[in-house]
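In mature numbering (1 follows the signal peptide of the UniProt record, and there is no 0), the protein residues as written are -23 to -1, 1 to 200. C-beta atoms are modelled at their ideal positions from N, C-alpha and C, and glycine is treated no differently.
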Amino acid sequence: MTKIIACFCTVLLLAACGSSQNAAPSVAVVDISPAFFNYTSSAVLSAAKAGLPFWVGTIGNEWADFGFQSQDEVAFAQLGGPYPVFVLKNAGKSNQSIAATDQWEFPVTANDQYRCMLTMDKINGEWVTASIGSAGYAKALQTTENTHPGLSIKNKAILRVFGFSCGYYDILAINLSDPQPSFLMVGSATSFVNKLPQYAAWVNTDPVPVLTLDDLYTIFSKM
């Protein structure tokens, strides 16, 4: 369940960054520097901290729908490290590029576990808490990172890909400010990429392998 001001249609695909490739990427990363991810004293973090108590207070008896183990656990809710949202522009075309948006997703945690997500959006120049919810989404994000402990996880983000019948797909991206970031499809993404013969082996692979920008381009250009 999601309590929301700005409504979004979400079908979750996750990916995580890791390896690189010698060939020049077919997807360009636009103006993403490591400094972008220095959020510790940022306005978005301040707004998220200010907005969290209100949204947690709306959960009430629906705590299970928001991923919490008990109503008492809701009282220990706090913010985890955020995921800025980026978009893949021109999905499926030769001039695809990755660019920043004015949206961030914060995990709401309890007992060191992601329980749900707090969505931040910039409206009229001000950061506001737009929604809370997406418990399954939050669990999938944490599971993705935990099942690949060998990855150097820094500068993580969500890559949002529009242009599909569902509205968009969300992909977990890590090390996005690197010259050639890479990605990791998991969960529902397995059935998605299995439509392409070269990725059919993923179904029986655990954990699933990382992808490069070129792999990402290939997948979406075939859809």
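Task: Terminal residues of the beta strand (DSSP E) in which Lys99 lies - done: Where Lys99 is concerned, the enclosing beta strand (DSSP E) stretches over Gln90 to Ile100.
Open item on the list: So, for residue 201: in the same chain, excluding its five sequence neighbours on each side, which residues have a beta-carbon less than 7 Å away from its beta-carbon?
Closed with: There is simply no residue 201 to check, as the chain begins at -23 and stops at 200 in what is shown.
Task: Through-space distance from Leu136 to Gln157, alpha-carbon basis - done: When rounded, the separation of the alpha-carbon atoms in Gln157 and Leu136 is 15 Å.
Task: Straight-line Cα distance separating Thr78 from Gly102 - done: Straight-line Cα distance between these residues: approximately 13 Å.
- [ ] Below 8 Å on the Cβ atoms is my guess for Ser111 versus Met94; work out the distance and round it to an integer in Å.
- [x] With 8 Å as the limit, Ser111 and Met94 qualify as a contact, their Cβ atoms being about 5 Å apart.
Open item on the list: With H, G and I counted as helix, E and B as strand and the rest as coil, what does DSSP make of Ile196?
Closed with: Residue state, collapsed to three classes: helix.
Open item on the list: Once the 5 residues before and after Gln80 are set aside, which same chain residues still bring their CB inside 6 Å of it?
Closed with: So the list reads Val62 and Asp98, once near-sequence residues are dropped.
Open item on the list: Tell me the rounded alpha-carbon separation between Pro30 and Lys133.
Closed with: Distance between the alpha carbons of Pro30 and Lys133 is about 25 Å.
- [ ] Would you mind stating whether Ile36 and Val21 have Cβ atoms separated by less than 8 Å?
- [x] Judged by their CB atoms, Ile36 and Val21 are not nearer to each other than the 8 Å cut-off.
TODO: Can you have a look at Ala115 and say buried or exposed, based on whether 16 or more other CB atoms are within 10 angstroms of its CB?
DONE: Answer is buried; the Cβ neighbour count reaches 16.
Open item on the list: For a test of the three-state rule: what should DSSP assign to Thr121, helix, strand or coil?
Closed with: Looking at Thr121 - three-state DSSP - the assignment turns out to be helix.
Task: Identity of the residue in Asn123, Asp155 and Leu118 nearest Leu149 by Cα - done: It is Leu118 whose Cα lies nearest to the Cα of Leu149.
Open item on the list: Let me make sure I understand the geometry here. Which of Asp147, Ala87 and Asp191 has the alpha-carbon closest to that of Gly44?
Closed with: Closest by alpha carbon: Ala87.
Open item on the list: Just verifying my parser: in three-state terms, what is the DSSP assignment at Pro2?
Closed with: Confidence at Pro2 is low in this model, with a pLDDT of 43, below 50, so the placement of that residue is unreliable and no value is reported for it.
TODO: Let me know the secondary structure DSSP gives Pro30 once reduced to three states.
DONE: Helix at Pro30.
Open item on the list: What would DSSP say about Lys66, mapped onto helix, strand or coil?
Closed with: Strand.
Open item on the list: Rounded to whole angstroms, what is the Cα-Cα separation between Asp42 and Gly113?
Closed with: Asp42 and Gly113: Cα-Cα distance of roughly 9 Å.
- [ ] With Asp49 as the anchor, note down where its alpha helix (DSSP H) starts and where it stops.
- [x] Asp49 -> alpha helix (DSSP H) spans Gln48 to Val51.
Task: Contact check, Ala24 vs Val105, beta carbons under 8 Å - done: Contact annotation: Ala24 and Val105 have beta-carbon atoms nearer than 8 Å.
Task: Rounded straight-line distance, which links the Cα of Arg92 to that of Leu56 - done: About 10 Å.
Open item on the list: Using the Cβ count rule (16 or more neighbours within 10 Å means buried), how would you classify residue 202?
Closed with: No statement about residue 202 is possible, as the shown extent of the chain runs from -23 to 200 and does not include it.
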